[in-house]
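A.B. asks:
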Amino acid sequence: MAAAHDKIKELKERYAKLPVAHKGAVYNTDLIFHIELGYMLDAAETICASGLVRKESRGAHYRRDIPQRNDEEWLRHTTAVLEDGAARIGTLPVTITEWQPEARVY
Amino acid sequence: MQVTLNVKRYDPEAADPTACFEEFRIEAESHFTVLDGLIKVREEVDPSLAVRCSCRASICGSCAMRVNGHAALACKTKLSTSLHDGAVSVEPMGNQRVVKDLVTDASLFWGKIRAVEPFLQPKGPEPEEEYIASNDAMLNLITPMGCIMCGACVSDCTVLEVDKNFLGPAALAKAYRFVGDPRDEADADRLSTLNEYGGAWDCTRCYECVQVCPKGVAPMDRIMELREAIQRAGLPSTIGSRHVDSFARSVARSGWLDETLLAVESWGKFNVPKLMASAPVGIRALVRGKLPKGGPLHHKRPGAKNVERIFRRLEHAPSTLAAVASKSGSAHD
Ligand code: FES
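Dropping the structure here:
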């Protein structure tokens, strides 16, 4: 995950220098894909950085080094804020209403 | 394999914005669809090529365009089987304004769909829970419900090409989807609108929409079912409906078509201006011995009795539209 995080960082640096080849103002998919790629890199970084911070396994977020769920410390939302071009990861408490969280066992 | 894509290009911002074909040669895998080929061109040769697509699995309806002259989903059309001497021609859809290259403006399409009020219009108090429809009653709607709104049928509609007022195949198939729905109770209004100019009678039955529809909706067949529903509902006759009636009457009576009477009865016996206008054609045909003997001079075919028997049997055959007919019938009772 750390390697992926580095790779995303590198891609973001390359992306910053990426030109848009087509300059048209009508149905310019070259421009649309360029913008989308930037958002995809942001989303990828968010996933990666949040995964690194969250030291447990929960649902689709699975870490081989920490396969256990940890409600004590991680029954929290992860937040990501774009700051100086990088994701700053934080957490927020979870409001539990009707459904009590429980382990997913099959 | 090496393939050539002849793509019709149009750039409204170009110095000379005339649409013309541009040739792209690419190396294509054998499994490529036409869309795969276009995407390869866009990614590796010319990023300015405008192509609209999304799912790449023939379900979103974004990628309709003309491949070798006929509308198709580019993502459902194999490149290898579309080649003629190693080349395929790709153009934007017809009947709609081209925005850029292969991208067309969908406003004509959606305008027509909107015009048929494509939503359920039940009457009476709202049920406590959902509106119930039996399985059987919905079976005849499976085909029109398969429409993914790609616009292929509208692109190749030969009537829309000459008359933009026509509702067109997609919208009429959509109209049928509600006329045929047991929960919808706006049939009387729907059918009387569809009986007007631009509606169900304007189709020339060219079959193009049936052929190009990637989802088997067979819009023309739905239009024919609408015509049947209109006639069963007893709405005012039109040139189209009189044509159908006259055709059937003539064949039932004599075993073949009385073409002269067909023309007279379709326009209406009392449509003097129209009949007068066509008189010169009739006289010229008569002089050259090409006017079929009509009316009382129209002879019965040998074996006409057998044809008559077929008609009698058909009258008692259950109609595919029985459910619709009884529904629209009750709306008029
Ligand atoms: S890309 Fe969705 S139908 Fe072709």
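Protein chains in written order, with the working numbering: chain A, 60 to 165; chain B, 264 to 596.
For every residue, glycine included, the Cβ atom is placed at its ideal position computed from N, Cα and C.
Measuring CB to CB, does B:Gly357 end up less than 9 Å from B:Asp274?
C.D. replies: Here the question's residue 357 of chain B lines up with position 94 in the second sequence. Here the question's residue 274 of chain B lines up with position 11 in the second sequence. Going by C-beta atoms, B:Gly357 is not nearer than 9 Å to B:Asp274.
A.B. asks: With respect to 8 Å, is the separation between the Cβ of B:Ser345 and the closest non-hydrogen atom of ligand 1 below this value?
C.D. replies: Within the second sequence, numbered from 1, the residue matching residue 345 of chain B stands at position 82. Answer for B:Ser345: no, Cβ out of range of ligand 1.
A.B. asks: Are the beta-carbon atoms belonging to B:Leu365 and B:Val266 less than 9 Å from one another?
C.D. replies: Counting from 1 along the second sequence, the entry for residue 365 of chain B is found at position 102. Counting from 1 along the second sequence, the entry for residue 266 of chain B is found at position 3. Against a cut-off of 9 Å, the Cβ pair of B:Val266 and B:Leu365 comes out as no contact.
A.B. asks: Chain A partners of B:Ser325, CB-CB under 9 Å?
C.D. replies: The count along the second sequence starts at 1 and reaches residue 325 of chain B at position 62. Per Cβ cutoff of 9 Å: no residues; B:Ser325 is ~12 Å from chain A at best.
A.B. asks: Where does the unbroken beta strand (DSSP E) through A:Gly110 begin, and where does it stop?
C.D. replies: Your numbering for residue 110 of chain A matches position 51 in the first sequence. Segment Thr88 to Val112 is the alpha helix (DSSP H) holding A:Gly110; no beta strand (DSSP E) there.
A.B. asks: So the beta strand (DSSP E) B:Asn269 belongs to, where does it begin and stop?
C.D. replies: Locating residue 269 of chain B in the second sequence gives position 6, counting from the first residue. Note, B:Asn269: beta strand (DSSP E), Gln265 to Arg272.
A.B. asks: If you scan the stretch 319-397 of chain B from start to end, which runs of the alpha helix (DSSP H) of 4 or more residues do you find wholly inside it?
C.D. replies: Correct list: 370-378.
A.B. asks: Taking its Cβ as the centre, do 16 or more other Cβ atoms sit within 10 Å of B:Thr501, making it buried, or is it exposed?
C.D. replies: Counting from one through the second sequence, the residue named residue 501 of chain B turns up at place 238. Its Cβ being crowded by 16 or more others within 10 Å, B:Thr501 is buried.
A.B. asks: Closer than 7 Å, Cβ to Cβ, to anything on chain B: give me those residues from the stretch 63-95 of chain A, in chain order.
C.D. replies: If the cut-off is 7 Å between Cβ atoms, the stretch 63-95 of chain A has Ala80, His81, Gly83, Ala84, Val85, Tyr86, Thr88 and Asp89 near chain B.
A.B. asks: Consult DSSP for B:Arg572 and reduce its assignment to one of helix, strand or coil.
C.D. replies: Indexing the second sequence from 1 puts residue 572 of chain B at position 309. Helix at B:Arg572.
A.B. asks: Taking the beta carbon of B:Leu457 as the centre, do at least 16 other beta carbons fall within 10 Å, making it buried, or is it exposed?
C.D. replies: Translated into the one-based positions of the second sequence, residue 457 of chain B becomes position 194. Label assigned to B:Leu457: buried.
A.B. asks: Going by other Cβ atoms of all chains shown within 10 Å of its Cβ, with 16 needed for buried, is A:Gln159 buried or exposed?
C.D. replies: Within the first sequence, residue 159 of chain A is the residue found at index 100, counting from 1. When all chains shown are included, A:Gln159 counts as exposed.
A.B. asks: Check the DSSP bridge columns for B:Ile289 and list the partner residues they point to.
C.D. replies: Here the question's residue 289 of chain B lines up with position 26 in the second sequence. Paired residues: B:Val266.
A.B. asks: Along the beta strand (DSSP E) that carries A:Met78, what are the first and last residues, could you check?
C.D. replies: Your numbering for residue 78 of chain A matches position 19 in the first sequence. Correcting the residue identity first, residue 78 of chain A is Pro in this sequence and not Met. Per DSSP, A:Pro78 belongs to no beta strand (DSSP E) and is neither H nor E.
A.B. asks: Quick check on the DSSP output: the beta strand (DSSP E) that includes A:Pro152 runs from which residue to which?
C.D. replies: Counting from one through the first sequence, the residue named residue 152 of chain A turns up at place 93. Taken as a continuous stretch (DSSP letters only), the beta strand (DSSP E) holding A:Pro152 covers Ala145 to Pro152.
A.B. asks: In chain order, what residues of the same chain lie with their CB nearer than 7 Å to the CB of B:Lys386, ignoring the 5 residues before and after it?
C.D. replies: Sequence index remark: in the second sequence, residue 386 of chain B carries index 123 (1-based). Counting only Cβ-Cβ distances below 7 Å, and skipping sequence neighbours, we find Glu448.
A.B. asks: Taking the beta strand (DSSP E) that A:Leu141 falls in, what are its first and last residues?
C.D. replies: Locating residue 141 of chain A in the first sequence gives position 82, counting from the first residue. It spans Arg135 to Glu142 - the beta strand (DSSP E) in which A:Leu141 sits, taken as one unbroken run.
A.B. asks: Buried or exposed: which applies to A:Glu157, given that a residue is buried once 16 or more other Cβ atoms fall within 10 Å of its Cβ?
C.D. replies: In the first sequence, counting from the first residue as 1, residue 157 of chain A sits at position 98. So A:Glu157 ends up on the exposed side.
A.B. asks: Beta-carbon separation of B:Ile486 and B:Ala451 under 9 Å?
C.D. replies: By one-based count along the second sequence, residue 486 of chain B stands at place 223. By one-based count along the second sequence, residue 451 of chain B stands at place 188. The answer is no: Cβ separation not under 9 Å.
A.B. asks: Check whether chain A comes within 9 Å of B:Val527, counting only Cβ atoms and requiring the distance to be less than that.
C.D. replies: The count along the second sequence starts at 1 and reaches residue 527 of chain B at position 264. Not an interface residue.
A.B. asks: For B:Ser418, verify whether its CB is less than 8 Å away from any heavy atom of ligand 1.
C.D. replies: As a working mapping, residue 418 of chain B is identified with position 155 in the second sequence. B:Ser418 Cβ: outside cutoff for every heavy atom of ligand 1.
A.B. asks: If you follow the alpha helix (DSSP H) that B:Leu435 is part of, which residue opens it and which one closes it?
C.D. replies: To locate residue 435 of chain B, count along the second sequence from 1; it is residue 172. Where B:Leu435 is concerned, the enclosing alpha helix (DSSP H) stretches over Gly431 to Val442.
A.B. asks: Taking only beta-carbon positions, decide if B:Arg360 is within less than 9 Å of chain A.
C.D. replies: Translated into positions along the second sequence, residue 360 of chain B becomes position 97. No, B:Arg360 does not count as interfacial toward chain A.
A.B. asks: Exposed or buried, which one is B:Phe284 when buried takes at least 16 other CB atoms within 10 Å?
C.D. replies: Residue numbering aside, residue 284 of chain B sits at position 21 when the second sequence is read from its first letter. Under this definition B:Phe284 is an exposed residue.
A.B. asks: Please determine whether the Cβ atom of A:Gly144 lies at a distance below 8 Å from any heavy atom of ligand 1.
C.D. replies: Within the first sequence, numbered from 1, the residue matching residue 144 of chain A stands at position 85. No, the Cβ of A:Gly144 stays beyond 8 Å of every heavy atom of ligand 1.
A.B. asks: I need the residues with a C-beta less than 7 Å from some heavy atom of ligand 1; please give them in chain order.
C.D. replies: With the cut-off at 7 Å, the residues found are B:Leu298, B:Cys316, B:Ser317, B:Cys318, B:Arg319, B:Ala320, B:Ser321, B:Ile322, B:Cys323, B:Gly324, B:Ser325, B:Cys326, B:Leu336, B:Ala337, B:Cys338, B:Lys339, B:Ile411 and B:Cys413.
A.B. asks: Roughly how far, in whole angstroms, is the beta-carbon of B:Ser601 from the beta-carbon of B:Leu498, given that I think they are within contact range, below 8 Å?
C.D. replies: Look at the range of chain B in this structure, 264 to 596, and you will see that residue 601 of chain B is not part of it.
A.B. asks: Is it buried or exposed for A:Val153, if we count other Cβ within 10 angstroms and need 16 for buried?
C.D. replies: Taking the first sequence and counting its residues from 1, the one referred to as residue 153 of chain A is at position 94. A:Val153 should be labelled exposed.
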